[in-house]
Amino acid sequence: MSCEPWQCAEIAATKKANPIQKPEIAVALIKKAQRPLLIVGSNATERYMGGKPLIEFLIDFANASKVPVVATAHMVGEFLKRGYSPAAFMNAMDIGNRLVDPSWQGLDGKGHPDLVLFVGLPYYMEGLILSGLKHFAPDLKTMTLDNLFHVHASWSFPNATLEEWANNLKVMTSKFEGGQ
Amino acid sequence: MTTKNVRVKIDEMKTNTGLIRNLEISIGKLVDDSWTEPMGPTPKPSLSTLRDWDMKLLSKYKPFYMPDCDLCCLCTFGKCDLTAGKRGACGIDIGAQSSRIVLIACCIGAATHTAHARHMLHHLIEKYGPRYPLDVGGLNIKVEAPITRLVTGIKPETLGDMEEVLEYAEEQITQAVAVAHTGQEGNNLDFESKAFHVGMIDHVGMEVGDIIQVSALNFPKADPEAPLVALGIGSVDLSKPVIMAIGHNVIPSVGIIDYAKDHKVDDKIEVVGLCCTAFDITRYYNRGKIVGPISWQLKFIRGGFADVVVLDEQCVRTDASDEARKVHAPVIAASEKNCMGFKNRTNDPADEIVADLVSGKVAGVLILDPEKVGEVAVRVAQKVAPIRKKMKSLPEIPELIAQAKTCRQCNMCQRSCPQDLKIPAALKAAANGDLAPLTELYEYCIGCGRCEEACPVTLNIHSFIVKAGEKFMLEENNLCRAGRGAIQDVEIRNVGSPIVLGEIPGIVAVVGCSNYPKGGKDVYDICREFALRRYIVVLSGCSAMSAGSYRNSEGKTLYEEFPGGFEAGGVLNVGSCVANSHIAGAAIKVANIFAKRPLRGNYEEIADYIHNRLGAVGLAWGAYSQKAAAIASGFWRLGIPVVVGPHGSKYRRMLLGREDKPEDWEVLDARTGNKVNVGPSPEHLFQTIETKEEAMPTIAKLCIRPNDTWKGRSIKLSHYVDLSKRYLGVMPTDLHLFVRTMADVPMTMKDEFAKILEANNWKETVIPDPTLLPRMVRKVKE
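In order, the protein sequences belong to chains A and B. With this note's numbering as the guide, the letters of the first sequence map in order to residues 1 to 180. With this note's numbering as the guide, the letters of the second sequence map in order to residues 1 to 782.
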């Protein structure tokens with residue numbers, strides 16, 4: 001699995017993401033976080049693994065981990081259709097903009113998130129938002145659950161096949177109490 | 001016109017008192033002020049004149065930066081790492097650096113439009129003289145140059161009057177570029193203010209450019225019924241010699257058309273265009289055809305349709321001449337800004353140039369005389385066409401399949417594709433004889449060719465996609481309305497009241513380039529949705545082409561389905577890039593003609609009016625260029641929000657409001673001076689949208705303004721709710737922020753709203769006479 005940015009013209013950063021070599025590492029980081037948040041983009045219904053759309057893997061993961069979900073683009077309706085209610089729906093730039101504001105107290109008003117997971121946004125958009133967070137929210141930790149390496153995240157899975165990706169998501173889901 | 005240069009020279013004069021020799025008197029400027037409107041407070045603003053206004057906007061719409069690079073590499077102190085708060089050797093931080101990049105992009109864009117206008121002005125004055133009158137709409141238009149009047153305080157009447165306007169614009173661009181030098185500005189908001197400034201100047205440059213070409217070249221003059229023109233390669237008679245012009249500056253194409261007409265061969269050749277030159281060809285010449293937007297250059301050159309390729313300026317692929325060489329199509333570069341490495345043959349006899357191009361002795365030439373371009377292009381096309389026989393550089397299907405078998409499935413093509421298209425899977429299928437997946441990519445491919453550059457076995461992947469989609473390409477035969485130019489004063493009077501009161505729910509300006517995330521159909525769908533809802537849909541540039549490239553169930557294009565007037569449910573094409581100025585101009589004219597706000601040198605008041613009252617939104621779904629950045633910036637300074645498609649995130653800076661911060665949404669009530677919270681209206685000044693579905697309710701929401709009457713607000717909210725339900729599948733959760741009185745609530749949605757209002761502890765408020773400017777508050781009588 002490669003730890004180069006998925007899109008070739010993407011510039012390697014001076015401060016690069018730590019690669020997540022095993023899904024168990026991601027799970028440990030998520031469990032350690034006090035106020036994690038999962039941001040799900042429009043590719044959630046475009047990417048399929050073994051005939052199953054990404055969004056269904058993510059619903060399983062969110063149900064198991066209890067990490068609140070922010071649906072971007074038109075994904076809120078896609079979640080609701082499948083019986084899952086995201087904590088919020090918001091434009092991707094809007095959630096990024098809130099995350100760089102240290103005074104923002106999160107979706108529930110109880111505190112700023114300390115770990116933000118990204119998955120399924122257009123690669124270049126997700127990369128840019130992660131860059132914004134790296135520069136302007138240096139205390140915030142970020143992670144991507146995509147199968148595409150994101151250099152601007154704090155932690156990112158390396159580039160991986162669809163089979164590996166599906167396995168990573170399933171393993172992560174199974175490691176939470178709700179996924180067993 | 002207010003000022004003129006006067007110069008008197010007397011070589012020799014005998015009088016009763018003596019002899020005068022070599023007397024020369026020069027008066028720099030002589031005031032000839034026949035325009036009775038008093039000068040406003042800010043004629044010809046300099047870099048900092050409107051800074052306070054900019055800061056008012058920037059305090060509501062704060063920059064959200066997304067740096068594309070952690071480094072600054074603009075001077076030899078660097079490269080400097082600016083990651084997460086580190087400062088560079090000059091002291092700059094990543095926020096200021098990010099806004100500096102925005103400023104540089106806007107400067108490039110403004111310089112490009114203004115230089116384009118300057119080139120045309122030189123040419124047109126040389127041809128028609130400085131006293132040639134400006135005429136953008138005859139008796140239908142009295143405010144002929146709203147941006148120019150507003151910004152400079154000049155009311156231009158002739159081509160020569162535009163000299164002073166451009167001199168001002170050129171000085172401001174020079175000043176703004178200087179700001180980007182190391183060790184000048186250091187504060188991010190000051191960089192942003194300067195980006196706004198140069199955006200405003202960009203609109204001046206565009207307005208000059210379009211007004212002079214409309215006037216001198218007799219383009220449609222504010223005509224709602226400008227002719228429908230052919231769009232698509234399928235509309236071109238390929239049995240004739242084809243001259244294809246690419247770029248934005250119509251002057252060389254005018255040379256071609258005039259020569260063809262003068263020599264009575266205009267019915268024997270096809271003159272077609274790509275990108276904005278195409279629009280201006282069809283505004284000048286009823287036989288001209290638009291073959292497509294900017295992103296289709298490779299496709300059409302490789303398709304071999306052109307017998308001569310004429311390159312003018314802006315957005316031309318820098319390898320266009322190399323690609324043309326592959327299909328043996330001679331190239332004429334026709335702009336000083338884009339010489340393409342060719343020898344300058346401007347002063348050579350036309351016969352020699354024609355002979356060299358026809359024989360293939362040279363692949364291309366540089367000709368800077370548009371009339372000579374015309375003669376050479378027409379003669380070469382006629383001679384080359386029978387020899388070339390539309391030779392193309394696309395593979396035949398068996399060859400494509402054989403080459404696809406050599407694909408290593410390394411994924412480098414997909415990883416280089418801005419759209420992340422699944423090219424490896426399509427090539428795998430093609431290798432097995434199934435071209436369907438490759439054909440599916442045709443609609444989504446933006447024609448950049450990066451896949452080919454990345455391929456380790458040098459497959460011509462873009463050509464494969466074009467070949468697979470060739471049938472669709474050849475069937476592209478649609479209609480676009482020729483660019484109509486400005487909006488008539490009477491049209492403004494007719495719609496001024498319903499727009500400002502909110503009863504026409506908004507103006508959606510769909511503009512810009514064709515770097516779409518999922519093809520041009522999104523643009524068509526968005527335009528049609530809002531036209532059916534009786535918004536005014538205004539188009540320009542490549543978006544106007546994409547909008548015309550699809551048909552409804554009755555086989556009608558948008559331009560046939562909807563009227564071309566500036567009216568509820570109208571779908572207008574104002575024209576090429578520089579015609580974007582008419583969209584800003586229309587907004588300004590609403591403030592001036594309908595609301596009777598003084599225009600002359602009165603930028604702040606007019607922008608305040610537009611920002612608080614005019615429900616207009618710009619949508620640049622495929623914006624890619626620096627020009628698009630500058631155009632957007634000009635709209636920002638007027639307080640008009642702009643949204644871009646996902647690729648627009650690469651502009652790396654958004655201007656975002658926070659609907660969760662009520663303190664950001666206070667305005668002054670001009671009647672009382674009281675502060676009134678008007679909610680996030682509009683919520684953002686610059687925002688990236690991820691999908692077409694998200695764009696629909698977002699556009700409707702961004703049309704909400706503080707000044708809406710209860711009836712207008714109710715109409716706007718009903719569209720917002722309906723579009724949210726239809727495209728997002730949910731009721732919006734922020735409706736309480738937009739309801740001021742219960743009368744604002746749409747009649748059919750009372751119950752749904754009631755629950756939301758109650759849950760959010762909603763309280764009634766007043767509808768103010770909104771302004772951000774304390775000086776606009778009328779004194780309350782004691």
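Using N, Cα and C, we set each Cβ at its ideal position, and we do this for glycine too.
Contact residues within the segment 81-94 of chain A, judged by C-beta distance below 9 Å to chain B: Cβ contacts with chain B: 81, 88, 89, 91, 92, 93, 94.
Partner residues on chain A for residue 646 (chain B), Cβ-Cβ distance less than 8 Å: Within the second sequence, the letter at position 646 stands for residue 646 (chain B). In chain order: 122, 124, 125.
Three-way DSSP call (helix, strand, coil) for residue 703 (chain B) in this model: Counting from 1 along the second sequence, the entry for residue 703 (chain B) is found at position 703. In this structure, DSSP gives residue 703 (chain B) a state outside helix and strand, which the three-state scheme calls coil.
Own chain partners of residue 81 (chain A) with C-beta closer than 8 Å, once the 5 adjacent residues on each side are dropped: As a first step, residue 81 (chain A) must be located in the first sequence, where it is residue number 81. Cβ neighbours of residue 81 (chain A) beyond the five flanking positions: none.
Supposed contact pair residue 148 (chain A) and residue 159 (chain A) - C-beta distance, whole angstroms, cut 8 Å: If you number the first sequence from 1, residue 159 (chain A) lands on position 159. If you number the first sequence from 1, residue 148 (chain A) lands on position 148. The Cβ separation is near 6 Å, so the contact holds.
7 Å Cβ cut-off: residues of chain B touching residue 165 (chain A): Here residue 165 (chain A) refers to the residue found at position 165 of the first sequence. Within 7 Å Cβ-Cβ: nothing; residue 165 (chain A) doesn't reach chain B, min ~14 Å.
Option nearest residue 339 (chain B) by Cα separation, candidates B:348, B:351, B:158, B:319: The sequence position of residue 339 (chain B) within the second sequence is 339, counting from 1. It is B:319 whose Cα lies nearest to the Cα of residue 339 (chain B).
Range of the contiguous beta strand (DSSP E) that encloses residue 37 (chain B): Start at 1 with the first residue of the second sequence, and residue 37 (chain B) comes out as number 37. Taken as a continuous stretch (DSSP letters only), residue 37 (chain B) belongs to no beta strand (DSSP E), as it is neither H nor E.
Within-8 Å CB hit, residue 68 (chain B) to chain A: Within the second sequence, the letter at position 68 stands for residue 68 (chain B). A Cβ of chain A is located within less than 8 Å of the beta carbon of residue 68 (chain B).
Minimum Cβ-Cβ distance from residue 155 (chain A) to chain B less than 8 Å: Within the first sequence, numbered from 1, the residue matching residue 155 (chain A) stands at position 155. No, because no Cβ of chain B sits closer than 8 Å to the Cβ of residue 155 (chain A).
From B:656, B:731, B:383, residue whose alpha carbon lies closest to that of residue 100 (chain A): As a working note, residue 100 (chain A) is residue 100 in the first sequence. For residue 100 (chain A), the closest of B:656, B:731, B:383 by C-alpha to C-alpha distance is B:656.
The segment 531-548 of chain B / the segment 465-484 of chain B touching (three or more Cβ pairs under 8 Å): Under the three-pair Cβ rule at 8 Å, the segment 531-548 of chain B counts as touching the segment 465-484 of chain B.
Extent of the continuous beta strand (DSSP E) to which residue 675 (chain B) belongs: To locate residue 675 (chain B), count along the second sequence from 1; it is residue 675. Note, residue 675 (chain B): beta strand (DSSP E), 675-677.
C-beta atoms of residue 137 (chain A) and residue 107 (chain A) nearer than 8 Å: Within the first sequence, the letter at position 137 stands for residue 137 (chain A). Within the first sequence, the letter at position 107 stands for residue 107 (chain A). No Cβ-Cβ contact shorter than 8 Å links residue 137 (chain A) with residue 107 (chain A).
Alpha helix (DSSP H) segment containing residue 398 (chain B), residue limits: Counting from one through the second sequence, the residue named residue 398 (chain B) turns up at place 398. Taken as a continuous stretch (DSSP letters only), the alpha helix (DSSP H) holding residue 398 (chain B) covers 397-404.
Assumed close pair residue 534 (chain B), residue 504 (chain B) - CB separation to whole angstroms, cut-off 8 Å: Counting from one through the second sequence, the residue named residue 534 (chain B) turns up at place 534. Counting from one through the second sequence, the residue named residue 504 (chain B) turns up at place 504. Contact holds; Cβ gap of about 7 Å.
Residue 397 (chain B) versus residue 452 (chain B): straight-line alpha-carbon distance, rounded: The sequence position of residue 397 (chain B) within the second sequence is 397, counting from 1. The sequence position of residue 452 (chain B) within the second sequence is 452, counting from 1. Looking at the two C-alpha atoms, the distance is approximately 18 Å.
With 16 other Cβ atoms within 10 Å as the buried cut-off, status of residue 248 (chain B): Along the second sequence, read from residue 1 onward, the residue named residue 248 (chain B) stands at position 248. Buried, since its Cβ has 16 or more Cβ neighbours within 10 Å.
Inter-residue Cα distance where the pair is residue 231 (chain A) and residue 167 (chain A): Here chain A covers residues 1 to 180 and nothing more, so residue 231 (chain A) does not appear.
Within-8 Å CB hit, residue 559 (chain B) to chain A: The residue you call residue 559 (chain B) lines up with position 559 of the second sequence. Taking Cβ atoms only, chain A never reaches closer than 8 Å to residue 559 (chain B), which makes this a no.
Contact with chain B by residue 132 (chain A), beta-carbon distance below 8 Å: Residue 132 (chain A) sits at position 132 when you count from the first residue of the first sequence. Chain B, which has a Cβ nearer than 8 Å to the Cβ of residue 132 (chain A), makes this yes.
8 Å contact criterion, which residue 118 (chain B) and residue 166 (chain B) should meet: CB distance rounded: Indexing the second sequence from 1 puts residue 118 (chain B) at position 118. Indexing the second sequence from 1 puts residue 166 (chain B) at position 166. Indeed, because the Cβ distance is near 6 Å, the residues count as touching under 8 Å.
Proximal residues of chain B, C-beta to C-beta of residue 7 (chain A) below 7 Å: For the purposes of this step, residue 7 (chain A) is taken as the residue at position 7 of the first sequence. Against chain B, a Cβ distance below 7 Å from residue 7 (chain A) picks out 415.
Proximal residues of chain B, C-beta to C-beta of residue 136 (chain A) below 7 Å: Within the first sequence, residue 136 (chain A) is the residue found at index 136, counting from 1. For residue 136 (chain A), the residues of chain B that pass the 7 Å Cβ criterion are 65, in the order they occur in the chain.
Residue-chain proximity (residue 128 (chain A), chain B), Cβ-Cβ < 8 Å: The count along the first sequence starts at 1 and reaches residue 128 (chain A) at position 128. Closer than 8 Å to some Cβ of chain B, the Cβ of residue 128 (chain A) qualifies, so yes.
Exposed unless 16 or more other CB atoms sit within 10 angstroms - verdict on residue 2 (chain B): In the second sequence, counting from the first residue as 1, residue 2 (chain B) sits at position 2. Only weak support is given to the placement of residue 2 (chain B): the predicted model assigns it a pLDDT of 48, under 50, and the value that follows is read from those uncertain coordinates. Within a 10 Å sphere around the beta-carbon of residue 2 (chain B) sit 16 or more other beta-carbons, which makes this residue buried.
Cutoff 6 Å; reference residue 784 (chain B); Cβ partners in own chain excluding five residues on either side: Not covered by the structure: residue 784 (chain B). The range shown for chain B is 1 to 782.
Below-8 Å beta-carbon distance, residue 337 (chain B) vs any chain A residue: By one-based count along the second sequence, residue 337 (chain B) stands at place 337. It does not: the Cβ of residue 337 (chain B) has no partner Cβ on chain A nearer than 8 Å.
Best match in B:124, B:566, B:74, B:89 for proximity to residue 101 (chain B) [C-alpha to C-alpha]: Taking the second sequence and counting its residues from 1, the one referred to as residue 101 (chain B) is at position 101. It is B:74 whose Cα lies nearest to the Cα of residue 101 (chain B).
Other residues of its chain near residue 308 (chain B): CB distance less than 6 Å, five sequence neighbours each side excluded: Reading the second sequence from its first residue, position 308 is the one you call residue 308 (chain B). Cβ within range, chain order: 243, 330, 377, 380, 381.
Length of the line joining the Cα atoms of residue 175 (chain B) and residue 48 (chain B): What you label residue 175 (chain B) is simply residue 175 of the second sequence in a count that begins at 1. What you label residue 48 (chain B) is simply residue 48 of the second sequence in a count that begins at 1. Residue 175 (chain B) and residue 48 (chain B): Cα-Cα distance of roughly 11 Å.
Cutoff 8 Å: residue 51 (chain A) Cβ touching any chain D Cβ: Among the protein chains in the structure shown, which are A and B, there is no chain D.
Nearest-angstrom beta carbon gap, residue 202 (chain B) and residue 110 (chain B) [assumed within contact, 8 Å]: As a first step, residue 110 (chain B) is located in the second sequence; it is residue number 110 there, counting from the start. As a first step, residue 202 (chain B) is located in the second sequence; it is residue number 202 there, counting from the start. Yes, they are in contact, since the Cβ atoms of residue 110 (chain B) and residue 202 (chain B) sit about 4 Å apart, within 8 Å.
Local conformation of residue 684 (chain B) per DSSP, three classes: To locate residue 684 (chain B), count along the second sequence from 1; it is residue 684. Residue 684 (chain B) falls in the strand class under three-state DSSP.
Contact check, residue 538 (chain B) vs residue 509 (chain B), beta carbons under 8 Å: What you label residue 538 (chain B) is simply residue 538 of the second sequence in a count that begins at 1. What you label residue 509 (chain B) is simply residue 509 of the second sequence in a count that begins at 1. For residue 538 (chain B) and residue 509 (chain B), yes; Cβs fall inside 8 Å.
Chain A contacts made by the segment 729-758 of chain B, where a contact means CB separation under 7 Å: Listed by position, the residues of the segment 729-758 of chain B near chain A (Cβ gap below 7 Å) are 729, 730.
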